[in-house]
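Below is one structure, written out as structure tokens; comments come after it.
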Amino acid sequence: MYKYYRNKCVVRSPSEQRKIWGMQREKHATISVITHKDTDFTAVDNYIADCEEQFQVDYLKQMRYPTEQAWNNVMSLLNAQFNKRGKNIILECLQFGGNKEFWKSFPNEDEIYMYFCNCYSFAVDKVGYLHTDDNITCAVIVTEWNRRNLFVYYLPITDKWQVKVMSNNRSEKGNKLQQYYELDRPVYTSMKNIDRPRLSHSEFWKQRGGLISYSDLQEDFYTEVAKRYGAKRGESLSLIKNTTPEQRDRFNRRANDDYDQLYFDDMPYG
562 MYKYYRNKCV
572 VRSPSEQRKI
582 WGMQREKHAT
592 ISVITHKDTD
602 FTAVDNYIAD
612 CEEQFQVDYL
622 KQMRYPTEQA
632 WNNVMSLLNA
642 QFNKRGKNII
652 LECLQFGGNK
662 EFWKSFPNED
672 EIYMYFCNCY
682 SFAVDKVGYL
692 HTDDNITCAV
702 IVTEWNRRNL
712 FVYYLPITDK
722 WQVKVMSNNR
732 SEKGNKLQQY
742 YELDRPVYTS
752 MKNIDRPRLS
762 HSEFWKQRGG
772 LISYSDLQED
782 FYTEVAKRYG
792 AKRGESLSLI
802 KNTTPEQRDR
812 FNRRANDDYD
822 QLYFDDMPYG
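Converting from the sequence shown to the numbering used here requires adding 561 to each position, the first position being numbered 1.
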């Protein structure tokens, strides 16, 4: 922002201009999903070890073993199935954070700790196996000089999933082919097994809404946790099909609005 005084230009910083206008940045609390493959086990161990050396670390659930061993322990505890393929996502992490204005709104560190405890309870309810922490390997609060986060590591294990329905037809190699409806849609059937659940990233999120599962997670987090602490949510740019009715109302979204279609600019020059 510039202001001229008798042919002199004064440059003001954004923070100075906000003070003049009486404006403050909104408080934002965030949640995101980080995915890991089996090749990432060592990276997770190294990251946590580095945080313990450099920053303040507080555990809500401490991992007593290396990540790979902790992963195997959970698989054994829950008697989980796993169809191993080349690039399976076998470990996930819910990351809770916020901007500087959000953290400044807390009166002390104890209140921030309690906030993260509420975030952990939210995580157990949303991604915990049968709403328990049995599939959670670690929950750690990392406080750096310029930011702070809660990382909740868990195995995406589900007691419900879908399997292909096979027909009597066979391929040239003699393998059974999947059954299809008349409109060429593949046929699936639902399975449920509490005693023999399945580790599957795709099925885990299908049971939580499929295409809108991440949007639903963010909406629930805002409604159940962040909103209670005065946090705001920004404008939603998701397509209508990827938003819930509650999100559409709150963001004043409508069909055929500016964000309801994908736009690709493939022109070689601007």
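By construction, the Cβ of each residue, glycine as well, lies at the ideal position given by its N, Cα and C atoms.
For clarity, every value in this text was computed on a predicted model and none was experimentally measured.
Sorting G658, D756, G689, P668 by C-alpha distance to the C-alpha of N710 places G658 at the top. At least 8 Å separates the beta-carbon of S761 from that of W706. In the pairwise beta carbon analysis, the region 667–681 is classified as not touching the region 718–734: fewer than three pairs are separated by under 8 Å. Where T628 is concerned, the enclosing alpha helix (DSSP H) starts and stops at 628–639. For N710, there is no enclosing alpha helix (DSSP H); the enclosing beta strand (DSSP E) covers residues 709–715. M624 and I702 have their C-alpha atoms spaced approximately 13 Å apart.
No Cβ-Cβ contact shorter than 8 Å links L716 with I650. In the DSSP assignment, the residues bridged to F657 are I592, L711. Bridge partners of A700 according to DSSP: K622, V713. Closest option to E587, judged by alpha-carbon separation, among I595, N660, N679: N660.
Cβ contact annotation for D694 (same chain, cutoff 7 Å, sequence separation greater than five): K622, V685, in chain order. Of all alpha-carbon atoms in T719, W664, S666, the one lying nearest the alpha-carbon of M752 is that of T719. Judged by DSSP in its simplified three-state form, P758 adopts coil rather than helix or strand.
For W722, the beta-bridge partners assigned by DSSP are M752.
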